[in-house]
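Visitor: Input: one structure, supplied below.
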Amino acid sequence: MRCLEKGRDLLYYVFMDKTSLRKKLRVKRNCLPQTELAPQSRLIIKKLSGLIPFKKGMTVMAYISTQSEVRTAPLINYLHKTGATVCVPWVRGNDIVPVILTKGNHLKKDAYGIKVPVIKKVITNMKKIDVVAAPGIGFDIHGNRIGFGKGYYDRFLKKLPSKTIKAALAFSCQLVKNIPAEKHDIKMDFIITEKEIVNCRDTR
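FYI, the numbering for the sequence shown is 516 to 719, going by the numbering used here.
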């Protein structure tokens, strides 16, 4: 795999179309040394837990990380300790459905190779979800997001009330100056990297 050139600043990616940008950012994320994924992920989770006071009674949607995504096991373990209800995405048809993840749940891989609970207790009332910790390929400082190109998260995020906090978990190499936005795209409220917390609400 050919990694992107080092030293490129955020402006390098401004004029790329979304497809090209997705491809380059995916390569860039995949080129992160495996030895750095866990420690950088812990820094990201620490910043997130400092930003949002998770507690019993809250419902938080995380994701079960795969490949070079920000590792979420520390977040899920922490949320269970606080007594918060944890749910994770389950792809059903063309949509994401939030299913509850309890401590000790048995998991199996779905058709996409993503682990999901064997017993699926679906959350049907989207108003119950207080926070979504979202993955992605790339983000900009305005909260625009590049996903995997299928629109699953955009369709899901549209169903959430405005009070739900949408926090993207990303490595700093995934943050760019500008991402081409489309009408159906849903913006993140915060982007949490190992280096900083970007309050996207301040840039709108």
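For glycine and all other residues, C-beta sits at the position ideal for the given N, C-alpha and C.
#1: Counting C-beta neighbours from all protein chains within 10 Å, is the total for R544 16 or more, i.e. buried, or is it exposed?
#2: Starting from the Cα of T597, find the closest Cα among V637, P589, I638 and give me that residue.
#3: Under a Cβ-count criterion, where at least 16 other Cβ atoms within 10 Å of its own Cβ denotes burial, should H657 be classed as buried or exposed?
#4: DSSP has C602 in a bridge; who is on the other side?
#5: Taking C-alpha atoms, which residue in V575, S687, T581, A683 lies nearest to V603?
#6: Taking 9 Å as the cut-off, decide whether the C-beta atoms of I615 and V601 are in contact.
#7: As a quick exercise: from A626, T581, K681, K702, pick the residue whose alpha carbon is nearest that of I661.
#8: List the whole-angstrom C-beta distance separating S564 from Y593, where the pair is believed to meet the contact cut-off of C-beta under 8 Å.
#9: Find the nearest neighbour of N659 within the set K642, S677, A682, judged by alpha-carbon distance.
#10: Quick one: what's G653 bridged to in DSSP?
#11: When the Cα atoms are used, what is the spatial distance from I712 to M641?
#12: What are the uninterrupted segments assigned as alpha helix (DSSP H) that are 4 or more residues long and contained completely in the stretch 661-715, given in chain order?
#13: According to DSSP, is K623 part of a helix, a strand, or is it coil?
#14: Would you call Y668 buried or exposed, if buried means 16 or more other Cβ atoms sit within 10 Å of its Cβ?
#15: Helix, strand or coil: which one does DSSP assign to D532?
#16: In whole angstroms, give me the CA-to-CA distance for I559 and G608.
#17: For the beta strand (DSSP E) containing P632, name the first residue and the last one.
#18: With 16 other CB atoms within 10 Å as the buried threshold, where does F654 fall?
#19: Could you give the DSSP three-state label for D610: helix, strand or coil?
#20: Spatial neighbours of L672 within its chain, please: CB distance less than 6 Å, with the 5 preceding and 5 following residues excluded, ordered by chain position.
Guide: By the coordinates alone:
#1: For this step, residue 544 is matched to residue 29 along the sequence shown. Counting Cβ neighbours within 10 Å, R544 comes out buried, since at least 16 surround it.
#2: Your numbering for residue 597 matches position 82 in the sequence shown. That would be P589, whose Cα lies nearest to the Cα of T597.
#3: In the sequence shown, residue 657 corresponds to position 142, counting from 1. Buried, because 16 or more other Cβ atoms sit within 10 Å of the Cβ of H657.
#4: Stepping through the sequence shown from its first residue, residue 602 is reached at position 87. According to DSSP, which records beta bridges pairwise, C602 is partnered with M576, I615.
#5: As a first step, residue 603 is located in the sequence shown; it is residue number 88 there, counting from the start. When each option's Cα is compared against that of V603, the closest is V575.
#6: Translated into positions along the sequence shown, residue 615 becomes position 100. Translated into positions along the sequence shown, residue 601 becomes position 86. For the 9 Å CB-CB criterion, I615 and V601 form a contact.
#7: Counting from 1 along the sequence shown, the entry for residue 661 is found at position 146. Comparing C-alpha distances from I661 to each of A626, T581, K681, K702 shows the shortest one belongs to K702.
#8: Position 49 of the sequence shown, counted from the first residue, corresponds to residue 564. Position 78 of the sequence shown, counted from the first residue, corresponds to residue 593. Indeed, because the Cβ distance is near 6 Å, the residues count as touching under 8 Å.
#9: By 1-based counting over the sequence shown, the position of residue 659 is 144. For N659, the nearest C-alpha among the options comes from A682.
#10: Counted from its first residue, the sequence shown places residue 653 at position 138. DSSP lists I661 as partners of G653.
#11: To locate residue 712, count along the sequence shown from 1; it is residue 197. To locate residue 641, count along the sequence shown from 1; it is residue 126. I712 and M641: Cα-Cα distance of roughly 26 Å.
#12: If we require 4 residues or more, the alpha helix (DSSP H) runs fully inside the stretch 661-715 come out as 667-672.
#13: Taking the first residue of the sequence shown as 1, we reach residue 623 at position 108. Of the three classes helix, strand and coil, the one that applies to K623 here is strand, per DSSP.
#14: For the purposes of this step, residue 668 is identified with residue 153 of the sequence shown, where counting begins at 1. With 16 or more Cβ atoms within 10 Å of its Cβ, Y668 is classed as buried.
#15: Here residue 532 corresponds to residue number 17 of the sequence shown, with the count starting at 1. Looking at D532 - three-state DSSP - the assignment turns out to be coil, as it is neither helix nor strand.
#16: Numbered from its first residue, the sequence shown carries residue 559 at position 44. Numbered from its first residue, the sequence shown carries residue 608 at position 93. When rounded, the distance between both Cα atoms is 31 Å.
#17: For the purposes of this step, residue 632 is taken as residue 117 along the sequence shown, with counting starting at 1. Residue range 630-632 is occupied by the beta strand (DSSP E) that includes P632.
#18: The residue labelled residue 654 in the question sits at position 139 within the sequence shown. Here F654 is buried: its Cβ has 16 or more other Cβ atoms, across all protein chains shown, within 10 Å.
#19: By one-based count along the sequence shown, residue 610 stands at place 95. Looking at D610 - three-state DSSP - the assignment turns out to be strand.
#20: Taking the sequence shown and counting its residues from 1, the one referred to as residue 672 is at position 157. Hits under 6 Å: I701.
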